[in-house]
Amino acid sequence: SSTIAVFLLGWLVAWQHSLVERAEARARERQQQLESISLNMPAVVFQRVREADGRSYYTFVDPKIRDVFGVEPEEVTHGVGALQAVTHPDDHQEIQDTFNRSARDLSMWHHEFRIEPPHLGLRWIRGAAAPRKGPADSVVWDGVYFNITAEKQAEEHLQQAHRMETVGQVSSGIAHQCQQRVVVRVVHQHRAIRGGEGRRGLGVHRSRVGARNHVGEPNLELARGQCVDAEPSDVDCIEVPPIMPAPGQV
2 SSTIAVFLLG WLVAWQHSLV ERAEARARER QQQLESISLN MPAVVFQRVR EADGRSYYTF
62 VDPKIRDVFG VEPEEVTHGV GALQAVTHPD DHQEIQDTFN RSARDLSMWH HEFRIEPPHL
122 GLRWIRGAAA PRKGPADSVV WDGVYFNITA EKQAEEHLQQ AHRMETVGQV SSGIAHQCQQ
182 RVVVRVVHQH RAIRGGEGRR GLGVHRSRVG ARNHVGEPNL ELARGQCVDA EPSDVDCIEV
242 PPIMPAPGQV
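So for the sequence shown, the numbering used here puts the first residue at 2; every next one is plus one.
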């Protein structure tokens, strides 16, 4: 009976050891699969944990974090300080606030923020992660970080082009309005009336405003017009030349 007991005990130990080995093998296989997937994705795959006492750290982050954030994967496994060190100072609080809301409501986390890794310059990051309850009241996020710097630069160039186009349209509209303004030129002249004596009259001629010169005065591109009567309110620009007597008149 003692022999049987020893045999059974040995078999149980071997069986348990086999179970442990198979579990470790499956874990390694899953880890390799995850790393393979993350390496082929145009993003930094991560798993972030926040403990009940508020401590946060990453249990997994793929090696591309070196190229995007300029930090080593091992630097974030004990805390988020390494990532906070390269995050733009103006974005720290908002990142923390969005993670807090996601943890409280177990709602999808997504946020865009800036980082400034040494020797890499300013970059824009878009993050997205799905939260779930973890052990001991912890919260676990499975998510990704995308480098969207090129997208932000393209948006800025597009907005700048749109602003320039708007300025051009406004300038063109102003120039068109100026060209359409009617300028009334009042000239004193002697007008002979058939069968009567000459008298002074007001001749009102319409012309269009061209470009302004360097001192701000309008350059007039005069056009022939019909002599009409004008009220003072119709006069935008008045030019009164000196009155010269007609030849033969005293």
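All C-beta atoms in this analysis are idealised placements derived from N, C-alpha and C, irrespective of residue type, glycine included.
Computed from a predicted model, the values in this text were never measured in an experiment.
P136 counts as exposed, since fewer than 16 other C-beta atoms from the protein chains shown sit within 10 angstroms of its C-beta. Counting only runs of 3+ residues, the beta strand (DSSP E) found wholly inside the region 11-78 occupies 45-51 and 57-62, in chain order. Bridge partners of I126 according to DSSP: F114 and N148. If you look at V87, you'll find it in the alpha helix (DSSP H) that goes G82 to V87. When the alpha-carbon of H79 is set against those of V140, V145, Y59 and S108, the nearest one is in Y59. Contact check between the region 112-125 and the region 87-101: three or more CB pairs, one atom from each, fall below 8 Å, which counts as touching. Per DSSP, the continuous alpha helix (DSSP H) segment holding D106 begins and ends at H93 to D106. Here the alpha carbon of D63 sits roughly 7 Å from the alpha carbon of P74. Residue G144 holds the alpha-carbon nearest to the alpha-carbon of V46 among G144, T167 and Q161. Less than 9 Å separates the beta-carbon of A53 from that of S139. The three-state secondary structure of P119, taken from DSSP, is coil. In summary, T167 is exposed, with fewer than 16 beta-carbon neighbours lying within 10 Å of its beta-carbon over all protein chains present. Closest option to G128, judged by alpha-carbon separation, among W110, H158, R67 and S173: W110. Per the coordinates, the alpha-carbon of W125 lies some 23 Å from the alpha-carbon of V50. From the listed residues R29, E22, R56 and D68, the smallest Cα separation to A44 is found for D68. Exclusion of the five residues before and after A83 leaves V72, E76 and V77 as the residues of its chain whose Cβ lies within less than 7 Å of its Cβ. Excluding its 5 nearest sequence neighbours in each direction, R102 has no C-beta neighbour in its own chain below 6 Å.
Within its own chain, no residue has a Cβ closer than 6 Å to the Cβ of H120 once the five positions on either side in sequence are excluded. Remark: C-beta atoms of I96 and Y146 do not approach each other more closely than 9 Å. The same chain holds no residue with a CB closer than 7 Å to that of G122 once the five nearest residues on each side in sequence are set aside.
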